[in-house]
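Undergrad: What follows is a structure written as structure tokens; I'll ask about it next.
In the numbering used here, the protein residues as written are 232 to 467.
Here is the structure:
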């Protein structure tokens with residue numbers, strides 16, 4: 232009888248522990264979020280996804296604490312009336328002469344993989360910047376680097392500001408630079424493997440005109456790539 236009571240108690244403790252582990256806040260850095268992230272009581276953020284296209288043999292992804300590639304569309308809630316702000320907006324970059332592609336590809340609305348759909352920038356820390364033309368309340372940023380091969384990009388940092396030079400009033404929304412190699416502050420967000428579903432960054436209602444996206448090569452090679460970046464907001 233005593234042994235049965237001990238076993239029952241251990242089972243109860245184990246069940247409680249597993250239950251507690253499941254209670255995690257929904258976020259883009261969770262493998263299996265308990266529910267949609269974003270604004271409580273909001274409406275689902277929707278976009279068009281590109282077809283699956285996997286080419287070549289991926290290199291090993293030796294990155295600590297990495298989030299595996301999504302196998303279905305992420306759920307994220309935004310305030311009702313949220314609109315796409317970035318379509319066709321001007322894009323500038325730290326690399327003024329991309330190796331492949333044109334910066335206009337980043338906001339053209341096309342998320343397909345393969346040649347002719349992505350921009351390749353020089354190696355090392357680089358950034359691209361979207362000018363929304365006026366300050367707006369940002370709900371989310373949906374990002375596609377390169378999804379025709381499984382890879383994780385290094386030092387992905389997403390910032391918003393009303394200053395085009397990003398010297399003042401800078402808000403960091405996402406940072407997976409865990410070793411601070413980009414010298415922009417140590418990040419606590421988890422690196423992630425690219426997929427056709429992209430990655431959503433919570434805009435948290437941040438006000439800003441400019442959105443800057445950093446990266447520092449990937450597990451595939453030292454170059455930086457961008458297919459599409461969508462910025463959603465109030466549109467006021």
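Just so you know, even glycine gets a beta-carbon here, dropped at the ideal spot from N, CA and C.
(1) Starting from residue 460, follow the beta strand (DSSP E) in both directions and report where the run begins and ends.
(2) Can you check DSSP and say which residues form a bridge with residue 404?
(3) Would you decide whether residue 321 is buried or exposed? Buried here means 16 or more other CB atoms lie within 10 Å of its CB.
(4) Where residue 304 and residue 397 are concerned, what is the direct C-alpha to C-alpha distance, given to the nearest angstrom?
(5) Identify every run of the alpha helix (DSSP H) within the region 254–338, keeping only runs that are complete inside it and at least 4 residues long; order them along the chain.
(6) Residue 309 and residue 271: beta carbons closer than 9 Å?
(7) At the level of alpha carbons, what is the spacing between residue 325 and residue 427?
(8) With burial defined as no fewer than 16 other Cβ atoms inside 10 Å of the residue's Cβ, what is the status of residue 410: buried or exposed?
(9) Entirely within the region 343–430 and at least 4 residues each: give me those alpha helix (DSSP H) ranges in chain order.
(10) For residue 358, I'd like the list of residues in its chain whose CB is within less than 7 Å of its CB, leaving aside the five on either flank, ordered along the chain.
(11) Could you check the C-alpha separation between residue 361 and residue 346 for me, to the nearest Å?
(12) In three-state terms, what does DSSP make of residue 233?
(13) Measuring alpha carbon to alpha carbon, tell me which residue in 299, 451, 439, 336 is nearest residue 399.
(14) Have a look at residue 299 and residue 383 and give me their C-alpha separation to the nearest angstrom.
(15) When DSSP labels each residue in this structure, what does residue 467 get in the three-state scheme?
TA: According to the structure shown:
(1) In the chain shown, residue 460 corresponds to position 229, counting from 1. Per DSSP, residue 460 belongs to the beta strand (DSSP E) from 459–464.
(2) The residue you call residue 404 lines up with position 173 of the chain shown. BP columns for residue 404 are empty, so no partner.
(3) Within the chain shown, residue 321 is the residue found at index 90, counting from 1. That one is exposed.
(4) Position 73 of the chain shown, counted from the first residue, corresponds to residue 304. Position 166 of the chain shown, counted from the first residue, corresponds to residue 397. For residue 304 and residue 397, the distance between alpha carbons rounds to 32 Å.
(5) none
(6) Counted from its first residue, the chain shown places residue 309 at position 78. Counted from its first residue, the chain shown places residue 271 at position 40. Contact: no.
(7) Here residue 325 corresponds to residue number 94 of the chain shown, with the count starting at 1. Here residue 427 corresponds to residue number 196 of the chain shown, with the count starting at 1. Going from the Cα of residue 325 to the Cα of residue 427 covers about 26 Å.
(8) Stepping through the chain shown from its first residue, residue 410 is reached at position 179. Exposed, by the Cβ-count rule.
(9) none
(10) What you label residue 358 is simply residue 127 of the chain shown in a count that begins at 1. Only 324, 325, 443, 444, 445 meet the Cβ criterion.
(11) Position 130 of the chain shown, counting from 1, holds the residue named residue 361. Position 115 of the chain shown, counting from 1, holds the residue named residue 346. Residue 361 and residue 346: Cα-Cα distance of roughly 22 Å.
(12) Mapped onto the chain shown, residue 233 falls at position 2. At residue 233 the pLDDT is 38, less than 50, meaning the model places this residue with poor confidence; the figure from the coordinates comes in the next sentence. Helix at residue 233.
(13) Taking the first residue of the chain shown as position 1, residue 399 is located at position 168. Nearest of 299, 451, 439, 336 to residue 399, Cα basis: 439.
(14) On the chain shown, position 68 is the one that residue 299 refers to. On the chain shown, position 152 is the one that residue 383 refers to. Those two C-alpha atoms are separated by around 9 Å.
(15) Walking along the chain shown from the start, residue 467 turns up at place 236. In this structure, residue 467 counts as coil in the three-state DSSP scheme.
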